[in-house]
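Accompanying notes for the structure given below.
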Amino acid sequence: MTPDNSPKIVFNRPKTTVAPKKNDQIIVDDVLENVNFRISSKAHIVLNSTICEGCSDRRCLIACPASLFVETSNGSMIFNYENCFECGTCYLVCNQEGAITWNYPTGGYGVDFLHS
Amino acid sequence: MTKDHNPNVEWDVIVVGAGPAGSSAAISAARLGLSVCLIERGRAPGSKNLFGGVVYPAILSELIPNFLEDAPIERAISRRVTMAIDGNRSTSLVVDNPNWVDEIPNGFTVKRSLFDSWLADQAVKEGATLLNATTVTSLDRSLAKNAKTLVYTDRGDIPLSAKVVIAADGANSFIAKEAGLFSELSSHHYTLGVKRVIELDETTINERFNQPDSLQGTDIEILGCTMGISGGGFLYTNRSSISIGVVLSLDSFSKSKVRSEEILSGLCNHPSIKDLIKGGTDLEYGAHLIPEAGKKGWPELYSDGLLIAGDSGFMCLAAGIWLEGVNYAIASGDLAGRASAQAIRKGDVTKEGLSIYKRQIDESFVGKNHSRFQSAPELVMSPIVQNKMPKLACDIFDELFKVRDPLPKVGIPKAIFSAIKANKISKKELIQLGIRGFRSFK
């Protein structure tokens, strides 16, 4: 047997000569475009700015699934109530007594899920 | 002034929340001849609701025997996959059973906006009055013992009045909290579900999930896809969309500094999942709390003039292989409606008079399953199950199926034990897990 003559089958996994395609990452601002909200003129969630300013943890920033908590340049906190899923995560993860006053929006307002 | 808001109208029962628990309560109370007002804060029932989702309808068929005629079903589950993910690998247990869709399906997917509206319609057909777009702001229970609970809403200052209030106001349980029915409440009793609904045409879904038609659907439950945070993932097929999401233990998640959409992105990009959803367009995105603590998180379910049903009573069963909620909501709502009727008929709606509800819950599958599996949620969320089991499962099957010629095969027991050893799981841990597993699920 002459090894040189035998056909050589090589399974070649394409090595990374081409950069791997960037994975799709969910961008919250983009996916929020697909969600229906009936926006009330009144905020249903209100932050106590004094308490929030003194908070170093700010778990709400990362935990809010709609990314609605924002730190301003002067270090204070803002909550954009318009795109709220009304889930309750923020007040449950918050470790600052009295920082978040959480109510449901006025009847008929707020998030309006159609496909979930 | 409409009849609904006439303060002179005294309702027998006011149900807060037209989800599966509330509407079921309204159905059975109205059937038993009570006057029922069903209050929903959403534009329509279901508009505030988001779930994984599968409805297990065995109990629904007892409440509404002909539900198949018009219930808005997406797909009946005939394929159930349990998947363990580790890195780019996965190991799955696949159960294909077309018989599950015969007659009454074992489980089916729905869109809550359609399903919850349909169920509330059934309550209206039984004679209940549905008040949409009305948020309950507080209760005045000072006369509750005397069969008069006042329900304040955001529609004017005049409260509604009822002999019994059934709180089916969902996972945040504000009514039960305000009434002081929870002995302990913290974030570790909850998980956060984050879900993405992706639109795909019916035939593509049928092909990708090996489904013969658009009536049959797939349910994939996933462990090991939550970046070290306690939780899991899911994928369900609807008629022409896919629901994909992650469920995260709120405690573990809030300390993790990882965002929920990053975790969900990771699942969507996993090689075992990616191609199932590719080419689809995002239809909706959302999040909802799940009261997953099981019976250990239950509040007191009754008080003077007040009953608690469904998610507000923590009745989701999140016991690993069983992930159910709507069925427990329907059953508890139904029992709450019946208990109200009994108590009102006897003229005693005090805590004592309404205690029949708790007894009936305990005697039903709701109480029995929750008691039996009360340790299961904790075990499923434990570090060993969450962090070691998915990798172990993948390692064991990797070891078994990898041909290592010229090395001789080691045999199945050795393959398993060396995988256990490689994962640094001690004998003690293994035995403890075995005992806990046996106790939690026996």
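Chains as they are written, first to last, in full-length UniProt numbering: chain A, 1 to 116; chain B, 1 to 442.
Idealized CB from N, CA, C, for every residue including glycine.
In angstroms, rounded to a whole number, what distance separates the CA positions of residue i and residue j?
i                      : j                 : result
LYS257 of chain B      : ILE62 of chain A  : 6 Å
SER440 of chain B      : SER382 of chain B : 13 Å
PRO377 of chain B      : SER92 of chain B  : 21 Å
GLY411 of chain B      : LEU379 of chain B : 30 Å
LEU223 of chain B      : ASN74 of chain A  : 41 Å
SER426 of chain B      : CYS37 of chain B  : 58 Å
LEU60 of chain B       : PHE67 of chain B  : 8 Å
GLU10 of chain B       : GLN342 of chain B : 18 Å
SER260 of chain B      : VAL194 of chain B : 7 Å
residue 495 of chain B : ASN49 of chain B  : As shown, chain B starts at 1 and ends at 442. That puts residue 495 of chain B outside it, with no answer to give.
SER67 of chain A       : CYS55 of chain A  : 18 Å
GLN386 of chain B      : LEU430 of chain B : 14 Å
LYS163 of chain B      : LYS351 of chain B : 12 Å
HIS189 of chain B      : PRO406 of chain B : 52 Å
GLN374 of chain B      : GLY294 of chain B : 6 Å
SER187 of chain B      : ASP251 of chain B : 6 Å
GLU97 of chain A       : THR50 of chain A  : 12 Å
GLY245 of chain B      : ILE39 of chain B  : 29 Å
ALA19 of chain A       : ILE277 of chain B : Summary for ALA19 of chain A: the model assigns pLDDT 45, below 50, so the residue's position carries little reliability; its value from the coordinates is reported in the next sentence. Roughly 22 Å separates the two Cα atoms.
GLY88 of chain A       : ASN172 of chain B : 7 Å
PHE417 of chain B      : LEU400 of chain B : 12 Å
LEU181 of chain B      : SER138 of chain B : 15 Å
GLY42 of chain B       : ILE396 of chain B : 49 Å
GLY107 of chain A      : ARG38 of chain A  : 10 Å
GLU324 of chain B      : VAL81 of chain B  : 16 Å
PRO98 of chain B       : ILE158 of chain B : 54 Å
ASP70 of chain B       : ASP29 of chain A  : 37 Å
Nearest to residue i by CA position, among the options, is which residue?
i                      : options                                : result
ARG112 of chain B      : B:VAL55, B:MET83, B:PRO390             : B:VAL55
ILE242 of chain B      : B:THR203, B:VAL197, B:ASP213, B:LYS278 : B:VAL197
GLU53 of chain A       : A:VAL46, A:ARG38, A:SER76, A:CYS64     : A:SER76
ILE26 of chain A       : B:TYR236, B:TYR285, B:LEU143           : B:TYR285
GLY353 of chain B      : B:ASN146, B:PHE209, B:GLY42            : B:ASN146
LEU119 of chain B      : B:ASN97, B:ARG89, B:ILE73              : B:ILE73
ALA393 of chain B      : B:ARG75, B:GLY313, B:GLY87             : B:GLY87
HIS370 of chain B      : B:GLY17, B:LEU160, B:SER332            : B:SER332
ALA30 of chain B       : B:MET83, B:GLY337, B:ALA84, B:GLU69    : B:GLY337
residue 444 of chain B : B:LEU160, B:PRO20, B:ALA319, B:ARG404  : Not covered by the structure: residue 444 of chain B. The range shown for chain B is 1 to 442.
PHE85 of chain A       : A:LEU47, A:CYS94, A:SER116             : A:SER116
VAL349 of chain B      : B:ASN206, B:GLY305, B:SER47, B:ARG436  : B:GLY305
ALA18 of chain B       : B:GLY33, B:GLU103, B:VAL136, B:ASN97   : B:VAL136
GLY437 of chain B      : B:ARG404, B:ILE384, B:PRO413, B:LYS402 : B:ILE384
From what residue to what residue does the alpha helix (DSSP H) around residue i run?
i                 : result
ASP116 of chain B : 112–125
ARG436 of chain B : 427–441
GLY22 of chain B  : 20–31
GLN342 of chain B : 326–346
PHE174 of chain B : 174–178
With burial defined as no fewer than 16 other Cβ atoms inside 10 Å of the residue's Cβ, what is the status of residue i: buried or exposed?
i                 : result
LYS296 of chain B : exposed
THR149 of chain B : buried
ALA422 of chain B : exposed
THR101 of chain A : exposed
LYS125 of chain B : exposed
THR281 of chain B : exposed
GLU292 of chain B : buried
PRO105 of chain B : buried
GLY347 of chain B : exposed
Tell me where the beta strand (DSSP E) around residue i begins and ends.
i                 : result
PHE69 of chain A  : 69–71
PRO291 of chain B : 281–291
SER78 of chain B  : 76–86
GLY245 of chain B : 241–249
ARG59 of chain A  : Segment 59–63 is the alpha helix (DSSP H) holding ARG59 of chain A; no beta strand (DSSP E) there.
ALA319 of chain B : 317–319
VAL165 of chain B : 160–167
GLU10 of chain B  : 10–16
PHE79 of chain A  : 77–79
Could you give the C-beta distance for residue i and residue j, rounded to a whole number, given that I count them as a contact under 8 Å?
i                 : j                 : result
ALA309 of chain B : ALA168 of chain B : 5 Å
SER28 of chain B  : ASP398 of chain B : At roughly 52 Å, the Cβ-Cβ gap does not stay under 8 Å, so SER28 of chain B and ASP398 of chain B are not in contact.
SER249 of chain B : GLY231 of chain B : 5 Å
SER40 of chain A  : TYR104 of chain A : Not confirmed; about 10 Å, so no contact.
VAL110 of chain B : GLY53 of chain B  : 7 Å
THR129 of chain B : THR153 of chain B : Incorrect: roughly 13 Å between the Cβ atoms, too far for contact.
TYR236 of chain B : TYR302 of chain B : In fact, because the Cβ distance is near 34 Å, the residues do not count as touching under 8 Å.
GLN216 of chain B : SER78 of chain B  : 4 Å
MET389 of chain B : SER272 of chain B : Contact flag wrong, Cβ pair sits at about 17 Å.
Using a beta-carbon distance below 8 Å, is residue i in contact with chain D?
i                : result
LEU32 of chain A : Included in the structure are the protein chains A and B, with no chain D among them.
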